[in-house]
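Protein chains: 2
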Amino acid sequence: MNKQVSKRTLYRLPVYLSLLQEKYQEGVEYISATTIANLLGLNHVQVRKDLSCASTAGRPKVGYATDVLIKDLQNFLDYNNAKNAIIIGAGDLGKALLGYNGFTSYGLNIVAAFDNNPVLAGTSVKEKPIFAMEKLPRVMENMNVHIGIITTPAHTAQSIADILVKNGIKAIWNFAPTSLNVPDDVIVQNENMATSLAILSSKLNEKLKNR
Amino acid sequence: MNKQVSKRTLYRLPVYLSLLQEKYQEGVEYISATTIANLLGLNHVQVRKDLSCASTAGRPKVGYATDVLIKDLQNFLDYNNAKNAIIIGAGDLGKALLGYNGFTSYGLNIVAAFDNNPVLAGTSVKEKPIFAMEKLPRVMENMNVHIGIITTPAHTAQSIADILVKNGIKAIWNFAPTSLNVPDDVIVQNENMATSLAILSSKLNEKLKNR
DNA sequence: TCCTTTTTGATATATTTTTATCGATATATA
DNA sequence: TATATATCGATAAAAATATATCAAAAAGGA
């Protein structure tokens, strides 16, 4: 366990986890790497290798005990150890994320949003408050915030990132379609939907052409 | 040009494109692979190789003409050739996507959303209509829809996918945190936010531990 | 009890992706 | 006009990732 985990493996672990939770709810007590691989369209050796980073629950001839594997994955991904996050930019996407409670099961607790628009300041979405930008330093200090989620338009994203960094944020989840310039010790994860869309679109095109 | 494009390259092309558009607006007429690489934190050989798939605009000592490169990328990614899409599931996320007009510049035209909830049927978001599920076959037929976007909860996603496939959809953009079972000739692109979050969270953890 | 089957986990091989090296080319300058 | 330099594009090397093979372990039936 705790071998070095490749980036790609880390990408797949949450996928396994959600499949396992689904299967567990259906009453599946044991599941083999081969079954998982077939369900997800992956190679069974790869699945076994991936899982070996986080768990030793596998037993020959039996497979993995679903509940143990789920716990091991949650533990490995640190989903039990919730981290506080704030959203900057309470537009459509920002509000959608603010109101979505599903992230708590991934160890993310969104505590508030911030926006420059004075009309939004003071309002809330599902009891999560939206503040004016000026309040950011104080909220960050009081609530032990680790993660900043940027959902502003591209042209303001960099200045927001600068503010977050100045206030001590160490991880940024960036939904703005632009790349951010931050100090080396700050982590940025870009959620680039355009990119996903490009893949889909390109595959579709190829298909439409080959007819 | 038109060499075989790796999946990873395809992921990066839209990122280059948006950077280039930004730079072009700032008045940058020529840009070198090295400059791009530095701005995005990539290797300059990789950038050159990636771009070579879509363009031959590069000139020694000069770099790439920004406007030509932008056109070549748009052309390669087929962003000029818009495709119609529908959204299934008009919850927070579905509505956010429906109201977001930014996808048109990526060649995606969202024409309508569908939802089982009778309260939503007949309403609209930014002039984009929300229909009852029953209307799906007729809308798909009339509007030449190619792409289905699933923003329902995980437990209904598979049945929605089945309906889409039955009505002739050939590409699905899946935001539900579950994997879909579809015929081989249907393309699925999963937009798994949990996965991005896992990466961010894991890196953050490592950082927090190493202090 | 012994054999067969299924499955894990380790090791080895193959493939993909990234990075380094190098010659060729265009531009600017002396 | 000759020379220096930045840059491209191609090829080669290195690194990362995925797949195949195989022995060992566990379960179930003969």
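These protein sequences, in sequence, are chains A and B.
With the working numbering as the guide, the letters of the first sequence map in order to residues 284 to 494.
With the working numbering as the guide, the letters of the second sequence map in order to residues 284 to 494.
Beta carbons: idealized from backbone N, C-alpha and C, even for Gly.
Neighbours of Glu-410/B in chain A, taken as residues whose beta carbon is under 7 Å from its own, are absent, since the nearest beta carbon is some 15 Å off. The region 410-422 of chain B makes no contact with the region 482-494 of chain B; the number of CB pairs closer than 8 Å stays below 3. Here the alpha carbon of Gly-385/A sits roughly 9 Å from the alpha carbon of Asn-392/A.
Using a CB distance cut-off of 8 Å, Ser-442/A does not count as an interface residue toward chain B. Between Lys-354/B and Gly-310/B, the alpha-carbon positions lie close to 16 Å from each other. Inter-segment contact for the region 369-388 of chain A and the region 366-384 of chain B is present: three or more beta-carbon pairs are separated by less than 8 Å. Proximity of Lys-332/B to chain A, defined by a Cβ-Cβ separation below 8 Å, is not satisfied. The beta-bridge partner set that DSSP reports for Asn-392/B consists of Asn-367/B.
When C-beta atoms of the region 287-304 of chain B are compared with those of the region 440-448 of chain B, fewer than three pairs fall below 8 Å, so the two segments do not count as touching. Per DSSP, reduced to three states, the secondary structure at Ile-470/A is strand.
Short of 6 Å from the beta carbon of Gly-341/B, and not among the five residues preceding or following it, lie these beta carbons of its own chain, in chain order: Tyr-347. By alpha-carbon distance to Lys-344/B, the top candidate from Ile-314/B, Leu-334/B, Ala-365/B is Ile-314/B. Chain-ordered, the chain A residues with CB closer than 8 Å to the CB of Ile-470/B read Leu-483, Lys-486, Leu-487, Lys-490. Inter-residue distance for Gln-357/B and Pro-412/B is about 29 Å (C-alpha atoms, whole angstroms). Look at the region 450-469 of chain B: the residues with a C-beta under 7 Å from a C-beta of chain A are Lys-453, Ala-454, Trp-456, Pro-460, Thr-461, Ser-462.
Among the CB atoms of chain A, one or more fall inside 8 Å of the CB of Asn-475/B.
At a cut-off of 8 Å between beta carbons, Ile-433/B makes no contact with chain A.
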